[in-house]
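Numbering that gives the first Met the number 0 numbers the first residue of the sequence shown as 0 and each following residue consecutively. Just so it is clear, CB atoms sit at the ideal spot from N, CA and C, and this is done for glycine as well. What follows is one structure encoded as structure tokens, with my remarks underneath.
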Amino acid sequence: MSATVTRPKAARRIRLIAAPLAIMPGIVEIQVGRKSTSYFLSRRDSGVKGLDIFVLEKFLTPEVYNLTLTVSGSGRCDCPGHLAYHHCKRVSGMYKLREVGLI
Ligand SMILES: [Zn+2]
0 MSATVTRPKA ARRIRLIAAP LAIMPGIVEI QVGRKSTSYF LSRRDSGVKG LDIFVLEKFL
60 TPEVYNLTLT VSGSGRCDCP GHLAYHHCKR VSGMYKLREV GLI
């Protein structure tokens with residue numbers, strides 16, 4: 000006899016604590032289940048309408064992620080998860096912030 004156990008997916012949330020400014024990075028917090036991670040958020044000029052480039056620097060670590068959000072929704076991130084699976088919490092969260100007009 001066999002049984003398939005499906006674990007419920009951990010709830011994900013993203014919160015923009017401070018919007019990025021030209022002279023100062025913003026702060027974004029991503030929560031997966033009970034674990035929350037904070038990042039400094041900087042915007043880079045892409046020169047193309049609808050193409051947004053962001054840099055996320057994880058608090059108190061050397062981890063830096065470069066994100067690109069396109070109009071088509073095929074965003075990219077250079078984290079190992081996105082390179083392997085073509086999606087990650089950072090890209091989906093940043094799309095959500097853009098969708099609601101916060102970034
Ligand atoms: Zn990523």
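Each of Asp-77, Val-47, Lys-88 and Pro-7 was checked against the Cα of Thr-36, and the nearest Cα belongs to Lys-88. Spatial neighbours of Val-90 in its own chain (CB-CB distance under 8 Å, excluding positions within 5 residues in sequence) are listed in chain order as Leu-66, Leu-68, Gly-74, Arg-75, Cys-76 and His-81. The Cβ atoms of Ala-9 and Val-31 lie closer than 8 Å to each other.
In the three-state scheme derived from DSSP, where H, G and I count as helix and E and B as strand, Ala-83 is classed as helix.
When Arg-11, Asp-51 and Val-54 are compared, the shortest CA-CA separation from Arg-33 is found for Arg-11. Cα atoms of Leu-55 and Ile-22: separation of roughly 15 Å, rounded to the nearest angstrom.
In the DSSP assignment, Val-90 falls within the unbroken alpha helix (DSSP H) covering 88-98.
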